[in-house]
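Undergrad:
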Amino acid sequence: MNKSAVGQDVVAEFQANGFAVTDNIFSSAELERFGAAVDRQVAERNATDKREVGEKTLYEQSFIQCMRLWETDALVREFAFHSGLAEAAATLLGVERLRLWQDQALYKEAGGRETTAHQDLVFWPIDPEAPLISAWIPLDGSTIESGAMAYVPGSHLAGPLQPVDITHRTEPYDILTDPALGGATPTWIEAPAGSVVWHHGLTVHQASANTTEHTRRVFTVVFLADGVRRTKPWELMPLDRDGIDVGDVVAGPGLPIVWPTPSPLPEPPAVVGQAIGPQH
Ligand SMILES: O=C(O)CCC(=O)C(=O)O
0 MNKSAVGQDV VAEFQANGFA VTDNIFSSAE LERFGAAVDR QVAERNATDK REVGEKTLYE
60 QSFIQCMRLW ETDALVREFA FHSGLAEAAA TLLGVERLRL WQDQALYKEA GGRETTAHQD
120 LVFWPIDPEA PLISAWIPLD GSTIESGAMA YVPGSHLAGP LQPVDITHRT EPYDILTDPA
180 LGGATPTWIE APAGSVVWHH GLTVHQASAN TTEHTRRVFT VVFLADGVRR TKPWELMPLD
240 RDGIDVGDVV AGPGLPIVWP TPSPLPEPPA VVGQAIGPQH
């Protein structure tokens with residue numbers, strides 16, 4: 000990979016803010032090839048869904064979420080295991096070995112609503128202080144009009160806050176006004192195509208509504224440091240599928256090592272599938 004994509008300045012920025020932007024990880028040819036593969040998977044998995052965006056649940060109005068595409072498409076597997084991407088994740092987190100926690104398409108349709116502000120790590124039954132990082136890859140770039148992301152600087156240092164039910168937004172809790180954030184406000188990031196926007200698992204983030212006429216196409220890969228343990232019995236498909244009990248280290252065919260890049264790339268688990276719910 001191009002080492003300049005994650006120089007020490009970017010690492011320092013990530014450590015201070017809990018988010019950072021890198022470029023030069025994917026060539027435009029790679030992005031086009033991988034993006035087309037993600038498009039095909041999203042189309043295939045949603046082939047029978049003919050609803051307009053306004054007819055969908057509030058959660059589905061934020062985005063079409065298709066998870067674990069690496070398990071059902073060899074080209075998306077190359078995307079999710081891209082060595083430049085994984086090396087950047089390891090450098091930003093400062094760890095030697097990473098597992099693939101999940102990959103997914105988040106396609107915010109034209110007219111799609113905002114994504115409610117939340118932290119990711121608190122959704123999952125693993126150590127809430129685990130080194131975990133998301134690569135948010137806007138296949139066409141992102142603008143405030145199309146569904147850009149915003150991040151509260153330094154919020155990853157506030158520790159785990161209350162989980163936000165991003166599927167309904169019925170609760171009075173607004174994480175953006177949590178006193179733990181000390182009044183910090185979100186920074187909006189408009190990312191050009193070819194860049195990757197990174198956030199820590201505890202960074203408070205949100206995305207704007209898509210007021211354009213085109214779907215905002217995003218692919219994300221979430222990386223988890225090797226050696227993290229399950230801490231809670233809550234059901235979670237990838238942990239349960241691999242028989243990981245409370246206290247066990249997260250590992251298994253559905254949660255493979257992704258850095259250092261394995262060769263050959265691992266085969267998908269015997270039972271493939273996407274879990275429904277606030278998984279990101
Ligand atoms: O793309 C979005 O609208 C939200 C993405 C998000 O919350 C995430 O990647 O953790």
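In numbering that gives the first Met the number 0, the protein residues as written are 0 to 279.
Don't be surprised by glycine CBs; every beta carbon is placed ideally from N, CA and C.
1. Would you mind giving the Cβ-Cβ distance between L131 and L223, rounded to the nearest angstrom? I have them listed as a contact below 8 Å.
2. Is DSSP giving Y58 helix, strand or coil here?
3. Check the C-beta distance from Q101 over to R76 and give it rounded, since I have them as a contact under 8 Å.
4. In the structure shown, what three-state DSSP assignment does R215 receive?
5. Where does A149 land, buried or exposed, given buried means 16+ other C-beta within 10 angstroms?
6. What do you reckon, are the CB atoms on S145 and T211 nearer than 8 Å?
7. Consult DSSP for W233 and reduce its assignment to one of helix, strand or coil.
8. Are the beta-carbon atoms of G140 and A192 separated by less than 8 Å?
9. Apart from the five residues on each side of it in sequence, which residues of its chain come closer than 6 Å, Cβ to Cβ, to L99?
10. Cα separation between G182 and V163?
11. Quick check: does the Cβ of V151 come within less than 7 Å of any heavy atom belonging to ligand 1?
12. From R96, W187 and N16, pick the residue whose C-alpha is nearest to that of P259; which is it?
TA: Taking the structure as given:
1. The pair is a contact, with the Cβ atoms about 5 Å apart (cut-off 8 Å).
2. Residue state, collapsed to three classes: helix.
3. Between R76 and Q101 the Cβ distance is about 13 Å, and since that is not below 8 Å, they are no contact.
4. The answer is strand: DSSP assigns R215 an E or B state.
5. That one is buried.
6. Against a cut-off of 8 Å, the Cβ pair of T211 and S145 comes out as a contact.
7. It is coil, neither helix nor strand.
8. Their beta carbons are under 8 Å apart, which means G140 touches A192 by this criterion.
9. Cβ neighbours of L99 beyond the five flanking positions: P255 and V257.
10. Distance between the alpha carbons of G182 and V163: 18 Å.
11. For ligand 1, not one heavy atom lies less than 7 Å from the Cβ of V151.
12. With distances taken between Cα atoms, P259 lies closest to R96.
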